[in-house]
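Chains as they are written, first to last, in the UniProt record's numbering: chain A, 1 to 290; chain B, 1 to 290; chain C, 1 to 290.
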Amino acid sequence: GELAASFAALPVFPLFDTAYFIISVLYLKYEPGAVEMSRKSPFASWLCAMLHCFGSYILADLLLGEAPIGHFSHNSSVILATAVWYLIFFCPMNLFYKCVSFLPVKLIFVAMKEVVRVRKIAAGVHHAHHLYHHGWFVMMATGWVKGSGVALMSNFEQLLRGVWKPETNEILHMSFPTKASLYGTVLFTLQQTHWLPISEANLIFFFTMFMIVCKVFMTATHSHASPFAPLENLVCPVLFGSVSTGYPSHYHDHHGASHEVSHPPPPPPPAKSKEELNEGTRKRKAKKAE
Amino acid sequence: GELAASFAALPVFPLFDTAYFIISVLYLKYEPGAVEMSRKSPFASWLCAMLHCFGSYILADLLLGEAPIGHFSHNSSVILATAVWYLIFFCPMNLFYKCVSFLPVKLIFVAMKEVVRVRKIAAGVHHAHHLYHHGWFVMMATGWVKGSGVALMSNFEQLLRGVWKPETNEILHMSFPTKASLYGTVLFTLQQTHWLPISEANLIFFFTMFMIVCKVFMTATHSHASPFAPLENLVCPVLFGSVSTGYPSHYHDHHGASHEVSHPPPPPPPAKSKEELNEGTRKRKAKKAE
Amino acid sequence: GELAASFAALPVFPLFDTAYFIISVLYLKYEPGAVEMSRKSPFASWLCAMLHCFGSYILADLLLGEAPIGHFSHNSSVILATAVWYLIFFCPMNLFYKCVSFLPVKLIFVAMKEVVRVRKIAAGVHHAHHLYHHGWFVMMATGWVKGSGVALMSNFEQLLRGVWKPETNEILHMSFPTKASLYGTVLFTLQQTHWLPISEANLIFFFTMFMIVCKVFMTATHSHASPFAPLENLVCPVLFGSVSTGYPSHYHDHHGASHEVSHPPPPPPPAKSKEELNEGTRKRKAKKAE
């Protein structure tokens with residue numbers, strides 16, 4: 001009760017925001033060609049980093065007909081994100097990158113990023129509720145884009161980097177954060193419209209704990225297994241007539257060097273488990289690389 | 001006079017809107033890969049269906065700087081469209097799809113969809129006139145996107161489905177509904193600015209009758225012949241120096257199974273009639289399929 | 001002082017705007033396939049011309065959450081731009097095109113276009129300052145898109161023409177006008193926030209003179225050498241660890257017939273001069289054509 005209330009009142013800027021920026025720009029650096037782009041076209045690299053750091057605000061403003069550039073009027077946030085981008089890409093001897101990539105440190109930042117993500121979902125639902133009192137779909141959409149951030153515009157963020165992969169996108173093949181944000185925004189909308197008998201602070205607290213546990217585990221073990229799979233494999237065949245085999249998007253769950261091969265995973269028989277799917281995908285990638 | 005007035009005052013929700021949703025989602029189902037997408041990524045399929053049902057409102061709001069998600073605050077419309085999507089894609093034994101595809105029933109729905117289309121064009125011109133009293137181009141643009149709907153964003157609706165066909169778009173190769181909406185919005189703008197001496201109710205009535213006759217004929221006979229071709233073949237050589245050979249876009253005039261082959265039609269010599277063009281296109285498709 | 005003030009007060013419409021439209025539509029005509037498109041799909045050609053003429057207003061309105069179609073309520077501007085498009089594409093015996101392509105005449109129009117460009121940057125910074133008093137990044141972004149215009153949306157303008165080149169864009173490989181607009185908007189923002197001790201009229205005057213000299217020289221000599229290269233080659237290795245080899249985008253610096261071959265230039269060793277780079281690119285294009 002009180003723990004949840006004080007947790008929900010934690011100031012997000014600057015510490016948690018910095019962690020959000022660090023993890024976001026880190027994932028940008030993992031993308032193939034990102035380092036080369038930072039040397040050849042530093043301005044484009046900076047703009048990509050801004051999309052990664054502030055994509056949620058841009059998308060929410062686009063949805064609600066507000067100025068997409070509005071959040072960039074917060075100069076301190078932009079300067080902080082710029083500093084994070086510069087340190088991660090241009091620090092002498094790559095010191096900063098090595099520090100934040102050190103797994104225990106990285107896990108702390110990942111946890112802090114999830115705190116910001118859940119707060120953004122709640123704020124998005126709240127803001128949309130203020131504009132459209134009974135617009136449940138509007139509330140859910142706003143919370144979703146606030147939580148997913150740049151992932152939902154991944155095709156166009158890649159286009160800025162000169163990459164174009166139309167065969168997949170975050171809505172067709174949802175990564176874990178995008179899917180979790182979708183479920184989270186439904187919960188927060190139900191709470192806002194009083195269908196879910198729980199206080200906002202409690203919901204923020206428990207959903208954040210869930211997200212932290214999942215993301216820290218997935219980051220530490222390099223796992224792609226979705227915690228939603230058991231529940232979905234129960235519901236989807238009933239509602240939609242077959243197993244909804246959602247492939248983990250390469251976008252969020254990417255760690256390691258820049259050897260990404262782009263090809264949509266071929267549809268496997270539904271009986272295979274997700275671990276076997278990943279093994280299969282890795283083997284196909286190795287074959288393709290040969 | 002009075003017939004036209006009562007016709008223009010007909011409530012569009014829920015019967016005519018339901019017909020609009022049914023035909024729109026039907027055309028989505030005809031698209032290659034749509035059924036597979038509904039099984040594998042039902043959320044993406046639902047979002048596509050929403051684009052098909054509400055694309056006109058989204059585009060008009062984007063043009064006028066309003067919230068593109070604004071129309072989704074009408075919960076009953078969204079729930080109705082969702083129900084139509086679910087029944088068309090997931091009804092046991094495909095019962096609903098078979099019912100609405102039965103040609104006489106489908107022709108009734110096609111006629112009702114044209115009623116909604118023309119009303120949307122009129123409403124769009126009216127709304128833009130309210131915002132920009134003398135913005136004739138703004139009025140024409142708003143009416144046009146209200147009438148054409150999702151077709152004008154077909155490239156991006158396809159991108160959501162993982163399909164990317166940049167070689168063509170609805171503006172480069174206009175389908176009949178898009179072209180008819182363009183001519184219709186010019187008429188409605190001329191009427192709104194008092195250059196066309198006809199009442200709005202009469203214009204709505206006569207233009208709707210024209211659209212119903214054309215679309216029902218084209219749907220019943222699977223014809224691609226544009227009723228505008230004779231007039232255009234008179235005017236275009238004078239104004240633009242050659243025959244404006246507008247190819248029917250695959251997007252709107254699509255009936256039948258999912259065997260669409262995407263390739264821009266090669267430019268034929270202007271003397272060929274449109275029927276010969278279609279025969280030529282069918283033969284080329286058969287060759288490509290071999 | 002007074003010269004600068006009267007220069008900054010020059011009415012831009014209709015003479016300078018006409019020159020802006022003429023040069024913009026001229027560059028559209030240079031694009032491969034543009035003439036063919038004007039014959040086959042005149043409406044799409046007209047829409048492209050409108051994007052070229054009013055792209056800056058559309059982008060600035062999109063950034064600031066205003067109606068992107070707002071500027072089209074200025075009927076006289078739209079009609080003037082339409083007349084320029086029609087004369088350049090459809091004048092009998094191509095008279096108008098031959099007149100404006102005559103190099104001395106073209107250089108005058110190029111100079112007048114730069115006057116409009118710089119005024120747009122100043123107006124954009126001013127407008128953004130009015131909305132966000134301390135939003136420095138917002139001011140810089142608005143001025144930048146006002147100066148660069150359609151170039152920043154080149155990928156989508158090409159998509160309208162049925163062309164898709166995702167491997168490059170104006171932000172990744174900046175052309176001279178886009179880069180100059182970026183530097184200009186920084187100067188104007190510094191002036192607006194009183195960090196640069198110069199009056200707005202003087203800044204407009206001197207920056208316009210700089211732009212006129214550069215663009216007239218580059219147009220007359222068909223040169224692609226960027227005047228910023230010496231300064232950038234000093235600063236970039238220090239800040240960004242290597243030479244920022246910005247390739248001139250094909251978009252702005254295009255003259256001559258329609259033989260464009262699209263391929264991203266392969267990264268050359270930094271020691272090569274820009275002239276050798278262009279020679280290398282021309283040779284590679286010749287090889288590819290064979």
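Glycine included, every Cβ here is placed at the ideal spot set by N, Cα and C.
What you are looking at is a predicted structure, and each value in this text was computed from that prediction instead of being measured.
Asked	Found
Continuous alpha helix (DSSP H) assignments of at least 4 residues falling wholly in the region 138-168 of chain A	154-160
Neighbourhood of PHE188(C) by C-beta, 7 Å cutoff - its chain only, sequence neighbours within 5 removed	ILE121, ALA122, VAL125, GLY143, LEU203
Bounding residues of the alpha helix (DSSP H) (the contiguous stretch that carries SER223(B))	Premise fails: SER223(B) is in no alpha helix (DSSP H) and is neither H nor E.
Assigned secondary structure, PHE16(A) (DSSP; H/G/I helix, E/B strand, else coil)	helix
Test: VAL163(C) CB closer than 9 Å to a CB of chain B	yes
Close beta carbons around GLU114(C), own chain, < 8 Å, minus the five adjacent residues each side	THR208, MET211, ILE212, LYS215
Close Cβ partners of GLN158(A) (< 7 Å) along its chain, the five nearest in sequence each way excluded	TRP164, LYS165
Distance CB(PHE89(A))-CB(VAL25(A)) smaller than 9 Å	yes
CB contact flag (TRP195(A), ASN75(B), <9 Å)	no
Reduced DSSP category for GLY124(C) - H, G, I as helix; E, B as strand; rest coil	helix
Stretch pair the region 226-236 of chain B + the region 28-48 of chain B: three plus CB contacts closer than 8 Å	no
The alpha helix (DSSP H) enclosing TYR97(C), as first and last residue numbers	95-101
Beta carbon proximity, residue 312(A) to chain B, threshold 9 Å	As shown, chain A starts at 1 and ends at 290. That puts residue 312(A) outside it, with no answer to give.
Listed by chain order, chain A residues near PHE90(B) by CB distance under 9 Å	LEU239, PHE240, GLY241
Proximal residues of chain C, C-beta to C-beta of THR185(B) below 8 Å	Neighbours of THR185(B) on chain C: none; closest Cβ ~13 Å, over 8 Å.
Beta-carbon spacing of ALA141(C), GLU170(C) below 9 Å	no
CB contact below 9 Å: ILE23(C) versus chain B	no
Residue-chain proximity (PRO230(B), chain A), Cβ-Cβ < 9 Å	no
Positions along the region 54-69 of chain C whose CB lies within less than 8 Å of some CB in chain B	ASP61, GLY65, GLU66, ALA67, PRO68, ILE69
Any chain C beta carbon closer than 9 Å to LEU190(B)	no
Same chain only: Cβ atoms within 6 Å of SER41(B), ignoring 5 sequence neighbours per side	none
Beta-carbon proximity check, GLY70(A) vs GLY70(B), cutoff 9 Å	no
Stretch-stretch touch, CB-based, cutoff 8 Å, three pairs: the region 95-114 of chain C with the region 16-23 of chain C	yes
Where the region 75-101 of chain A meets chain C: residues whose CB sits under 7 Å from a CB there	ASN75, VAL78, PHE90
Between the CA atoms of ALA67(B) and LEU131(B) - distance to the nearest angstrom	15 Å
Cutoff 9 Å: ILE121(A) Cβ touching any chain B Cβ	no
Burial state of PHE16(A) (16 or more Cβ within 10 Å)	buried
Neighbour flag for PRO227(C) against chain A, beta carbons, 9 Å	no
C-alpha gap between ILE198(B) and GLN192(B), whole angstroms	9 Å
Residue from GLY33(B), SER223(B), SER101(B), LEU87(B) with nearest C-alpha to LEU172(A)	GLY33(B)
TYR183(B) vs PHE228(B) beta-carbon contact at 9 Å	yes
CB contact check: TRP195(A) to chain B, cutoff 9 Å	no
Chain B within 9 Å of CYS48(A), Cβ atoms only	no
Chain A residues whose Cβ lies nearer than 7 Å to that of GLY32(B)	One detail in the question is off: residue 32(B) reads as Pro in this sequence, not Gly. The contacting residues do not exist; PRO32(B) stays about 14 Å from chain A at best.
Per-residue burial, PHE205(B) [other beta carbons within 10 Å of its own, 16 or more giving buried]	buried
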